[in-house]
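Okay, structure first, notes after.
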Amino acid sequence: MMNNKMFYEENMGGVIVGGRRIKSIKFADDLALLAEEEAILRDMLLEINDICEQYGMKINANKTKTIKTIKKIHEESIRCAQSLNIVPEDALFHKNEHFLNVTKIRNLLRNREFDIWCRHPEKGKDVVLFKQYPGANKWICKHEGHSNSEWRDGIKMVGNVAAVRAVSGRSQDNRCRHCHNEVETLAHVLGSCPHGEALRNARHHQVRSIIATALKDADYNTFEEVHGLSVTGSTRRIDIIAFKESTRSGYIIDPTVRFETDEEQPAELDNEKKEYLQSYHSLLPQKIPAKRA
């Protein structure tokens with residue numbers, strides 16, 4: 002029906018969306034006309050009305066509505082960006098279009114807030130470590146496998162507001178309430194206070210067992226708690242040794258759970274463990290049969 006030239010001329014009416022000119026949107030007996038200027042929209046409506054009369058139809062004026070959007074979308078996009086203290090660079094706009102890319106804006110704002118959080122002297126301490134492995138942070142939004150109290154306590158720990166004396170304003174005496182030797186920080190409570198040694202050992206053994214079980218399921222010959230002598234004569238112990246008989250290589254695994262302190266800690270810990278294990282590396286072959294897991 003709509004074969005008039007207005008709807009086929011390339012630059013007559015419509016708006017550019019995704020690099021294409023859209024002049025109308027049709028659904029059942031409804032029709033929406035799109036134009037960048039009011040005069041052009043009026044001409045399009047008059048032409049539609051003429052076409053309808055040719056077929057004995059009439060536009061219902063009571064059901065016809067006009068919606069006016071921002072005329073200068075590019076200028077308005079710049080104004081919106083400036084209101085958010087964002088420099089409206091070309092990279093933030095959709096390609097070949099005049100409106101901002103919402104995904105890029107959202108990422109920019111999220112990164113900005115993250116940087117602000119990291120700069121907080123107390124509650125932002127060590128927050129930058131979240132960037133190292135974002136997948137480990139999913140439990141914050143989806144706490145499956147945790148009780149409500151465990152999830153709540155976890156949130157307090159990552160926000161550095163757990164009930165330890167080192168938190169500003171909690172106590173006049175910030176020494177550990179159990180050992181009285183060090184400042185009662187979360188790192189001290191979880192990592193070095195003698196009061197929690199049994200719990201730390203139990204946590205370590207549980208982690209070691211989980212890893213060893215996974216290696217066995219993958220058909221590795223797996224040894225736990227392998228004892229041996231270093232080249233200096235001292236007694237040492239390896240948590241896990243795993244290898245496959247079909248190869249001449251294997252793994253020495255020493256699970257370590259430490260409170261995160263800085264971005265360089267993983268590399269430093271890796272070097273520390275390598276240096277520790279290297280001292281009795283040459284003695285491992287004769288020690289492997291000692292304890293088959």
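All letters in the sequence shown, in the order written, are residues 2 to 294 by the numbering used here.
Glycine residues also receive a C-beta, built at the ideal position from the N, C-alpha and C atoms.
DSSP beta-bridge partners for residue i?
i: Y277; result: Beta-bridge pairing links Y277 to no other residue.
i: R107; result: Per DSSP, none; premise fails for R107.
i: G15; result: A36
i: K27; result: L32
i: E225; result: I241
i: Y252; result: A243
Is it buried or exposed, residue i, if we count other Cβ atoms within 10 angstroms and call 16 or more buried?
i: C53; result: exposed
i: A167; result: buried
i: Y221; result: buried
i: T165; result: Per the sequence presented here, residue 165 reads as Val, with Thr not at that position. Classification of V165: buried, given that the 10 Å Cβ count is 16 or more.
i: K292; result: Here K292 scores only 36 on pLDDT, less than 50, and its place in the model should not be relied on; the value that follows carries that caveat. So K292 ends up on the exposed side.
i: N161; result: buried
i: I137; result: Here the sequence assigns Ala to residue 137, which means Ile is not the residue at that position. Exposed.
i: K143; result: exposed
i: E185; result: buried
i: H228; result: exposed
i: A219; result: exposed
Determine the DSSP secondary structure at residue i, reduced to helix, strand or coil.
i: T257; result: coil
i: R293; result: With a pLDDT of only 35 at R293, under 50, the local geometry of the prediction cannot be trusted, and the value read off the model is given with reservation. Three-state DSSP puts R293 in coil, outside helix and strand.
i: D240; result: strand
i: N102; result: coil
i: G20; result: coil
i: T67; result: coil
i: L93; result: helix
i: L230; result: strand
i: S235; result: coil
i: L85; result: coil
i: R120; result: coil
i: T186; result: coil
i: S78; result: helix
i: A219; result: coil
i: C53; result: helix
i: T214; result: helix
i: K114; result: The sequence as given places Glu at residue 114; Lys does not occur at that position. Helix, per DSSP.
i: E265; result: coil
i: I41; result: helix
i: N61; result: coil
Measuring alpha carbon to alpha carbon, tell me which residue in the options is nearest residue i.
i: L304; options: G15, D51, N50 and G20; result: Outside the shown range of the chain, which is 2 to 294, sits residue 304, and nothing can be said about it.
i: D240; options: R111, F260 and E226; result: E226
i: I242; options: L278, T70 and Q266; result: L278
i: L109; options: C119, V88 and E37; result: V88
i: Y252; options: R237, A188 and T223; result: T223
i: R201; options: I79, Q173 and F260; result: F260
i: L187; options: I60, T233, K64 and A163; result: A163
i: R107; options: G125, D174 and A82; result: A82
i: A62; options: E183, L47 and A40; result: L47
i: D255; options: S210, E185 and L42; result: S210
i: H196; options: D44, H206 and N182; result: N182
i: F131; options: M158, S150 and S148; result: M158
i: E265; options: I117, D127, G57 and I60; result: D127
i: I212; options: T257, L230, I17 and R80; result: T257
Is the Cβ of residue i closer than 8 angstroms to any Cβ of chain B?
i: P89; result: Absent from the structure is chain B; it holds one protein chain and no more.
Can you list the alpha helix (DSSP H) stretches of 4 or more residues lying completely in the segment 122-183, in chain order? As far as the segment 122-183 is concerned, its whole alpha helix (DSSP H) runs of at least 4 residues are 149-159.
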